[in-house]
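If you count by the UniProt record's numbering, then the sequence shown holds residues 1 to 105, one letter each, in order.
Every residue, glycine too, gets a C-beta built ideally from N, C-alpha and C.
As structure tokens, the structure follows; a few thoughts come after it.
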Amino acid sequence: NDSPALSEADAGIAISGGAAIAREIADITIAADSLWELVRLRQLALALTGRIQNNYRFVLGFNGCLIALGVLGLLPPAASAMLHNLSTLGVSLHSMSALPQPKTE
């Protein structure tokens, strides 16, 4: 019944308990029986985007400071390279940590 609407939509979403034809035509099929998973997916996407933006700002600021200190002669190249590698390791480890669980109702 929803098949024509799903095929015409810009993005069609079906849940696992829906009709087989709806699941086949939909662009996205949610493996749960509740559309609440869409809200949780959006919350997770926002948290992930925030983490990426924070990491980018940190890397840009930290490496900018390293470059400035190196240009001014206040930081030797070996120390700058070591700090750069340590910051890269720190950002990588932070990126691998678990995101907060989305709120449920």
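query, result
"Could you give the distance in angstroms between the alpha-carbon of residue 7 and the alpha-carbon of residue 54?", "38 Å"
"For residue 17, tell me which candidate among 9, 5, 30 has the shortest Cα-Cα distance.", "30"
"In the DSSP assignment, the alpha helix (DSSP H) including residue 68 goes from what residue to what residue?", "36-71"
"Is there contact here, the segment 65-81 with the segment 90-102, by at least three beta-carbon pairs under 8 Å?", "no"
"On a Cα-Cα basis, can you pick out the residue from 100, 2, 77 that is closest to residue 20?", "2"
"Look at residue 33 and residue 11 and say whether their C-beta atoms are less than 8 Å apart.", "no"
"Compute the distance between the beta-carbons of residue 15 and residue 35, then report whether it is under 8 Å.", "yes"
"Mind checking which residues open and close the alpha helix (DSSP H) that includes residue 81?", "77-96"
"In whole angstroms, what is the alpha-carbon distance linking residue 23 and residue 49?", "28 Å"
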